[in-house]
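Protein chains in written order, with this note's numbering: chain Z, 30 to 300; chain D, 30 to 300.
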């Protein structure tokens, strides 16, 4: 018998999304946030940070693939990769499917990595790959480094609290400095339906530092509104150079994800 | 001050979606279903049938436009249109933007139309158009008619209860008979993520009666998973012949909506 045991995310003040829970596997207040892992009936295991869905076993592939592969198939030769956030290991898993040389993952909260390793082992399996190096520090500081990268993937929480600096003008300027020639940065930019200010701010910021800026969308059912946005930016061109077919991405998706509904175009054009 | 007053849809046994309510404007048990109208904080006014979101003022344009325009821009000269269901008037509103000759709307439940006229007047404004004729009867019977159509749009509730016949093999056969040469039928087919059996069944049924069958997707935040599917079918070709830009649809959307994520392709290919 299923019991009446639910976790709900308040997607905003007036909308909530609830899932039936089988068991509450883990709960910890880290230095940065509250981390919870639930086993749920429909979405499998889910990781919740400060009350918001980060990962569900059932639909994580949609987000991880769409943050990673459009940049990876567009770069002429992606060898050195920087992942900002991504402590669950999912974006690293996608990136490591390519013949990359090195992946640096900068996750401020080591407790997220530790929880993922214990409770989401298939997603966190990437941490065993010798090409991956983890830095537990603030990415805003890390990007002052002397290193340089072909692709930077910003898999952070939303721009509130400690992650706000990762969507600032200064962060985009610093990121540009550590991108090699032809390098591409891709960032998640929230739901244009629930939170249009977020994508507008990221789009404006990237536009003021990069020649080519391409916003795109995917479905992610467990995220607010199910409509999620990302932005790629580069000082070179961004064109598909190879194919990679996953559980979400394929040739058609690479071609079509940049075609935005009219109201999303209007959000981006508005001041 | 906002009060703790919520309506939640049980999207399935294990997932629910809740919206904060300002007031409960209308509630009636019709001959066919329970009809509720709420005024909500985030989505504006919403119409709920048997506990499920049918229409919200905030995102209805996404569904109405995506059910209507792909067929309307693909037909060589859409003059005579049949709408099955659509008692809120939204699909009729989209179709009447074209120089059509006549629109027949077959809504089994006249109480839905009456509630829409009273509480969703901007959506139901199409009922005042002299080209529109309403039939309150079972569409499954209606399609035995002697009339014939250029475009048939199936805007029904999901295939349970009294609407199940509208996704049956016999219904598709009957529809084909009343389509003129080059005619196009488009139907909603649910969420491939939450309810893959629904789109599979509709796809299989349409494939066994029509030469050209094209499934496509759009975002609809208030529907389960936010990922909604539709299928167009015809014995002729289905290619874009004109443009219409709305709040959701535009040239890019017409080109890209047929590019399905890999897992949706797999759902359709599976037996």
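Ideal Cβ positions, reconstructed from N, Cα and C, are used throughout, including at glycine.
Please work out which residues of its chain come closer than 6 angstroms, Cβ to Cβ, to residue i, disregarding the five sequence neighbours upstream and downstream, and give them in chain order.
i	result
residue 205 of chain D	238
residue 56 of chain Z	65
residue 225 of chain Z	296
residue 153 of chain D	118, 145, 146
residue 45 of chain Z	37, 39
residue 265 of chain Z	211
residue 111 of chain D	133, 178, 181
residue 52 of chain Z	68
residue 276 of chain Z	90
residue 203 of chain Z	172
residue 198 of chain D	234
residue 274 of chain Z	none
residue 162 of chain D	133
Whose Cβ in chain Z lies nearer than 9 angstroms to the Cβ of residue i?
i	result
residue 289 of chain D	279, 281, 282
residue 174 of chain D	Within 9 angstroms Cβ-Cβ: nothing; residue 174 of chain D doesn't reach chain Z, min ~36 angstroms.
residue 97 of chain D	Residues of chain Z passing the Cβ test: none, with the nearest at roughly 15 angstroms.
residue 59 of chain D	Those do not exist, as residue 59 of chain D stays about 28 angstroms from chain Z at its closest Cβ, beyond 9 angstroms.
Cβ closer than 7 angstroms: which chain Z residues qualify as neighbours of residue i?
i	result
residue 256 of chain D	248, 250, 255
residue 70 of chain D	43
residue 46 of chain D	46
residue 266 of chain D	Simply none; closest approach about 19 angstroms.
residue 197 of chain D	Residues of chain Z passing the Cβ test: none, with the nearest at roughly 28 angstroms.
So residue i packs on residue j, CB below 8 angstroms; how close in whole Å?
i	j	result
residue 215 of chain D	residue 241 of chain D	Wrong, their Cβ atoms sit about 12 angstroms apart, outside the cutoff.
residue 255 of chain D	residue 201 of chain D	Actually they do not touch by this definition, with Cβ atoms about 27 angstroms apart.
residue 50 of chain Z	residue 36 of chain Z	5 angstroms
residue 182 of chain Z	residue 120 of chain Z	6 angstroms
residue 269 of chain Z	residue 103 of chain Z	6 angstroms
residue 159 of chain D	residue 125 of chain D	No, residue 159 of chain D and residue 125 of chain D are not in contact; Cβ-Cβ is about 10 angstroms, not under 8 angstroms.
residue 288 of chain Z	residue 284 of chain D	6 angstroms
Looking only at its own chain, which residues have a Cβ that is under 8 angstroms from the Cβ of residue i, when we skip the five neighbours before and after it?
i	result
residue 259 of chain Z	95, 96, 99, 215, 216, 217, 218, 244, 245, 246, 247
residue 252 of chain D	82, 92, 220
residue 174 of chain D	207
residue 230 of chain D	188, 196
residue 148 of chain Z	54, 55, 66, 74, 76
residue 232 of chain D	218, 242, 244, 260, 297
residue 286 of chain Z	95, 99, 245, 246, 247
Just to make sure I have the definition right: I need the residues of chain D whose C-beta is within less than 7 angstroms of the C-beta of residue i. Which are they?
i	result
residue 226 of chain Z	The premise fails here: residue 226 of chain Z is roughly 15 angstroms from chain D at the closest Cβ pair, so nothing lies under 7 angstroms.
residue 299 of chain Z	Chain D residues near residue 299 of chain Z: none, gap ~14 angstroms exceeds 7 angstroms.
Who are the neighbours of residue i on chain D, taking C-beta pairs under 8 angstroms?
i	result
residue 274 of chain Z	291
residue 49 of chain Z	42, 43, 44
residue 36 of chain Z	Ordered by position in chain D, no residue passes the 8 angstroms Cβ test against residue 36 of chain Z, which lies about 11 angstroms from the chain.
residue 222 of chain Z	88, 248, 250
residue 218 of chain Z	In chain order: nothing, as chain D lies at least about 15 angstroms away.
residue 151 of chain Z	Ordered by position in chain D, no residue passes the 8 angstroms Cβ test against residue 151 of chain Z, which lies about 17 angstroms from the chain.
residue 103 of chain Z	Result: empty, since nearest Cβ-Cβ is about 17 angstroms, beyond 8 angstroms.
In the DSSP assignment, what are the bridge partners of residue i?
i	result
residue 26 of chain D	Outside the displayed span of chain D (30 to 300) sits residue 26 of chain D, for which this structure offers no information.
residue 169 of chain D	DSSP lists no partner for residue 169 of chain D.
residue 157 of chain D	Paired residues: none, contrary to the question.
residue 152 of chain Z	Bridge partners of residue 152 of chain Z: none, in fact.
residue 244 of chain Z	Z/260
residue 254 of chain D	None; residue 254 of chain D has no bridge partner.
residue 58 of chain Z	Z/63
residue 73 of chain Z	Z/69
residue 227 of chain Z	BP columns for residue 227 of chain Z are empty, so no partner.
residue 78 of chain Z	Z/64, Z/81
How would you list, in chain order, the residues of chain Z whose beta-carbon sits under 8 angstroms from the beta-carbon of residue i?
i	result
residue 156 of chain D	None at all; the shortest Cβ gap to chain Z is about 25 angstroms.
residue 143 of chain D	Simply none; closest approach about 28 angstroms.
In chain order, what residues of the same chain lie with their CB nearer than 7 angstroms to the CB of residue i, ignoring the 5 residues before and after it?
i	result
residue 123 of chain D	93, 94, 97, 98
residue 194 of chain Z	169, 200
residue 108 of chain D	129, 130, 179
residue 85 of chain Z	72, 73, 75, 251
residue 22 of chain D	Only positions 30 to 300 of chain D appear in the structure, and residue 22 of chain D is not among them; the question remains open.
residue 140 of chain D	57, 59, 64
residue 157 of chain D	none
residue 105 of chain Z	211, 270
Starting from the beta carbon of residue i, find every residue of chain A whose beta carbon is closer than 8 angstroms, and list them in chain order.
i	result
residue 194 of chain D	Looking at the structure shown, chain A is missing, and the protein chains on hand are Z and D.
At 9 angstroms on the CB atoms, spell out the chain D contacts of residue i, in chain order.
i	result
residue 52 of chain Z	The contacting residues do not exist; residue 52 of chain Z stays about 14 angstroms from chain D at best.
Determine, using beta-carbon pairs with one atom in the region 89-102 of chain D and one in the region 58-65 of chain D, whether at least three such pairs fall under 8 angstroms. no
Meets three-Cβ-pair contact criterion under 8 angstroms: the region 265-282 of chain D and the region 291-299 of chain D: no
Can you confirm whether the region 131-148 of chain Z touches the region 106-115 of chain Z when touching is taken to mean that 3 or more C-beta pairs between the two stretches lie within less than 8 angstroms? yes
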